[in-house]
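**Student:** The structure's right below; bear with me while I get my questions together.
Numbering (the numbering used here), first residue to last: 58 to 167.
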């Protein structure tokens, strides 16, 4: 029985270390604007530290690297305004939340 409990604990830790698949929230319209907003949540492996995380962003793709774990390549749900990307890290939930706003053509220089 003790051996079975140890096996279950190892499986649980392996699952926690793997993290969960990143996912986008539903896109919503910004109040007083025709631009959409959304948030990407990435649950990091249990062994990860914020210092180990790097984010490479383009207006159409985010690449999240976390230590030795496999890179997450996440397409954006719409073209993102990179000047308005906000990130939050939660130690408690071991997650990184990236909030984005849709890119507007009115921001382009003539």
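Beta carbons: idealized from backbone N, C-alpha and C, even for Gly.
Give the DSSP bridge partners of residue 144, in chain order.
**Tutor:** DSSP, once it has assigned bridges, lists 155 as partnering residue 144.
**Student:** Helix, strand or coil for residue 128? Go by DSSP, reduced to three states.
**Tutor:** Of the three classes helix, strand and coil, the one that applies to residue 128 here is coil, per DSSP.
**Student:** On the premise that residue 110 lies in contact with residue 79, defined as a C-beta separation below 8 Å, what is that separation, rounded to the nearest angstrom?
**Tutor:** Residue 79 to residue 110, Cβ: 12 Å. No contact.
**Student:** Quick check on the DSSP output: the beta strand (DSSP E) that includes residue 100 runs from which residue to which?
**Tutor:** Run containing residue 100: 93-100, per the beta strand (DSSP E) assignment.
**Student:** Leaving aside the five residues before and after residue 117 along the sequence, list all residues of the same chain whose C-beta is less than 8 Å from its C-beta, in chain order.
**Tutor:** The residues are 132, 133, 136 and 137.
**Student:** Under 6 Å Cβ to Cβ from residue 107, same chain only, skipping five residues before and after it: list those, please.
**Tutor:** Closer than 6 Å at Cβ, skipping near neighbours: 146.
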